[in-house]
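Some notes on the structure that comes next.
Written out as structure tokens, the structure reads:
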């Protein structure tokens, strides 16, 4: 009997037993766990982006007035403004884009996918999907995949750049203050 965490028998499912289209009974739990994890990661990215937006907006507002008289503050204002914009790009909704690739079907678990259909057509799709475990798993897998794409290609990419710009701006500002102080002596 495999122990918890033992991944040696991960390929054991009903399909391996010769039942086409069938899957292991616990497959839905794996997908649900992945989905919950990705939703949590998305919420964390949004929270982090909002913190950086707030902090950098305050810094920008306080420093921009004095930036004309002090080059170090100009660097701080510019990097704070850019970091805030990058983090805004991480959280701004991007809906209405067609799926990537010619064969990519819409994600009918996401509101932008099913609002393109009539209510009756969506309910019909949902009933047909719910009648088949494999179809449920495929719909959930598509949802998890697309959420992961948004996290990797948008949220965490822009959030990471926002942090890098903010940190780089702080370092550059400190270096300029030190240089100004040393040169003023």
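Numbering (the UniProt record's numbering), first residue to last: 1 to 185. All C-beta atoms in this analysis are idealised placements derived from N, C-alpha and C, irrespective of residue type, glycine included.
Chain-order list of residues whose beta-carbon lies under 7 Å from that of residue 77 (same chain, five-residue window excluded) | 60, 63, 64, 67
Going along the chain, which unbroken runs of the alpha helix (DSSP H) with 4 or more residues stay wholly within the region 51 to 118?
-> 71 to 91, 111 to 114
Could you tell me whether the region 158 to 166 touches the region 124 to 144, where touching means 3 or more Cβ pairs closer than 8 Å?
-> no
For residue 179, does the three-state DSSP call read helix, strand or coil?
-> helix
Between residue 35 and the rest of its own chain, which residues show a CB-CB distance below 7 Å, the 5 nearest in sequence each way excluded?
-> 140, 143, 144
Over what stretch of residues does the alpha helix (DSSP H) that includes residue 149 continue unbroken?
-> 133 to 150
Straight-line Cα distance separating residue 30 from residue 133 | 14 Å
Helix or strand or just coil, what does DSSP make of residue 165?
-> helix
Exposed or buried, which one is residue 43 when buried takes at least 16 other CB atoms within 10 Å?
-> exposed
From this set, 175, 162, 172, 173, which residue's C-alpha is nearest residue 54's C-alpha?
-> 162
Member of 40, 56, 172, 150 whose CA lies at the smallest distance from the CA of residue 86 | 56
Whole angstroms is fine: what's the gap from residue 183's alpha carbon to residue 41's?
-> 46 Å
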